[in-house]
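Enquirer:
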Amino acid sequence: MDTDFILQNIRRYIQLDKTETDFFISLLQTKKLKRKEFLLKPGDTCRTENFIVKGCMRTYTIDDHGFEHIVMFGIEDWWVGDLFSFLTQSPATYFIDALEDTEILQITKSDLDKLYERVPKFERFFRLILQNAFISQQQRINQNLSFTAEQRYLYFIKKYPQLEQRLSQKQVSAYLGITPVFLSMLRRKLSKK
């Protein structure tokens, strides 16, 4: 199991000694997902927090009319999961699937609780991760309420330049809350500027 990437992620927030690092690594499991394979479906319980080592994933819902609404994408060095389902161990409301062949490192809820007890600084780590996720979610809600579709698209490509090339037009438009046809027109308009 290659843990260099996740340990780099953790070192941005906390410093671990060898014993703490070894204990943390002992709790991780590797999982590989093929493109289009599901990590989670609505009604299932999210039993793990997941760190993306390689690949691209999406978290989304499907409305009563069959339209996808992508809540977030996840790429290398990002965490993904259904936090409400994970923390409450109740049924998930989201689909999470792989958009590319993906490799993740997982930690179960019970192992995370053990980690908090034995290495309390991990509480700080996950608090900081959750704070950052909350801020991003608040910004996204504000943008969806107050930005035009063009502003949302420009912000998306500025904030996540590495992502647009990995996604289909349908996926980008489902994230932005617009149709693929409108996104195509928007791209044409912006290319002429």
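Read in order, the letters of the sequence shown correspond to residues 1 to 193 in the numbering used here.
Glycine included, each C-beta is placed from N, C-alpha and C at the ideal position.
Quick caveat, the model's predicted, so the values are computed rather than measured.
Confirm, please, whether the CB-CB distance from Asp-97 to Met-57 is below 8 Å.
Expert: Residue numbering aside, residue 57 sits at position 57 when the sequence shown is read from its first letter. Residue numbering aside, residue 97 sits at position 97 when the sequence shown is read from its first letter. A contact, by the Cβ cut-off of 8 Å.
Enquirer: Compute the distance between the beta-carbons of Ile-52 and Gly-74, then report whether it is under 8 Å.
Expert: Residue numbering aside, residue 52 sits at position 52 when the sequence shown is read from its first letter. Residue numbering aside, residue 74 sits at position 74 when the sequence shown is read from its first letter. Contact: yes.
Enquirer: At what residues does the alpha helix (DSSP H) containing Asp-63 begin and finish?
Expert: On the sequence shown, residue 63 is found 63 positions in, with the first residue counted as 1. From DSSP, Asp-63 is part of no alpha helix (DSSP H); its letter is neither H nor E.
Enquirer: Less than 6 Å between C-beta atoms, sequence neighbours within five positions excluded: which residues of the same chain meet that for Ile-62?
Expert: To locate residue 62, count along the sequence shown from 1; it is residue 62. If we look at Ile-62 and ignore the five residues flanking it on each side, its Cβ neighbours are Glu-68.
Enquirer: Comparing alpha-carbon positions, which option in Lys-121, Asn-142, Leu-186 and Gln-139 lies nearest Ile-149?
Expert: Along the sequence shown, one-based indexing puts residue 149 at 149. One detail in the question is off: residue 149 reads as Ala in this sequence, not Ile. Out of Lys-121, Asn-142, Leu-186 and Gln-139, Leu-186 has the C-alpha closest to the C-alpha of Ala-149.
Enquirer: Within 10 Å of its beta-carbon, does Phe-38 have 16 or more other beta-carbons around it, so buried, or fewer, so exposed?
Expert: Within the sequence shown, residue 38 is the residue found at index 38, counting from 1. Its Cβ having fewer than 16 others within 10 Å, Phe-38 is exposed.
Enquirer: Give every residue of the same chain whose Cβ lies closer than 6 Å to the Cβ of Asp-111, excluding the five residues on either side of it in the sequence, and list them in chain order.
Expert: To locate residue 111, count along the sequence shown from 1; it is residue 111. For Asp-111, where only same-chain residues beyond five positions count, the Cβ hits under 6 Å are Leu-27.
Enquirer: Inspect the CB distances between the region 98 to 105 and the region 22 to 36 and report whether three or more fall short of 8 Å.
Expert: yes
Enquirer: Skipping 5 residues on each side, what residues in its chain have a beta carbon closer than 7 Å to that of Leu-128?
Expert: The sequence position of residue 128 within the sequence shown is 128, counting from 1. Excluding residues within five positions, the ones whose Cβ falls inside 7 Å are Tyr-13.
Enquirer: Tell me the rounded alpha-carbon separation between Trp-214 and Ile-10.
Expert: Any property of residue 214 remains undetermined from this structure, which presents the chain solely from 1 to 193.
Enquirer: What are the boundary residues of the beta strand (DSSP E) that Thr-102 is part of?
Expert: The residue you call residue 102 lines up with position 102 of the sequence shown. From DSSP, the beta strand (DSSP E) with Thr-102 extends over 102 to 108.
Enquirer: Sorted by chain position, which residues of the same chain lie with C-beta nearer than 7 Å to Gln-89's C-beta, five sequence neighbours on each side aside?
Expert: Here residue 89 corresponds to residue number 89 of the sequence shown, with the count starting at 1. So the qualifying residues of the chain are Thr-45 and Lys-109.
Enquirer: Run through the DSSP bridge pairs and tell me what Leu-145 is partnered with.
Expert: On the sequence shown, residue 145 is found 145 positions in, with the first residue counted as 1. Among the bridge pairs identified by DSSP, Leu-145 is matched with none.
Enquirer: Excluding five sequence neighbours on each side, which residues of the same chain lie with their C-beta closer than 6 Å to the C-beta of Thr-59?
Expert: The count along the sequence shown starts at 1 and reaches residue 59 at position 59. Counting only residues of its own chain and dropping the five nearest sequence neighbours on each side, Thr-59 has a CB closer than 6 Å to the CB of Val-71, Met-72, Tyr-94 and Ile-96.
Enquirer: Please return the same chain residues whose Cβ sits closer than 6 Å to the Cβ of Gln-24, not counting the five positions on each side in sequence.
Expert: The residue labelled residue 24 in the question sits at position 24 within the sequence shown. Per the sequence shown, the amino acid found at residue 24 is Phe instead of Gln. Contacts found: none.
Enquirer: In the DSSP output, what is Ile-157 paired with across the bridge?
Expert: As a first step, residue 157 is located in the sequence shown; it is residue number 157 there, counting from the start. In DSSP, Ile-157 forms no bridge with anything.
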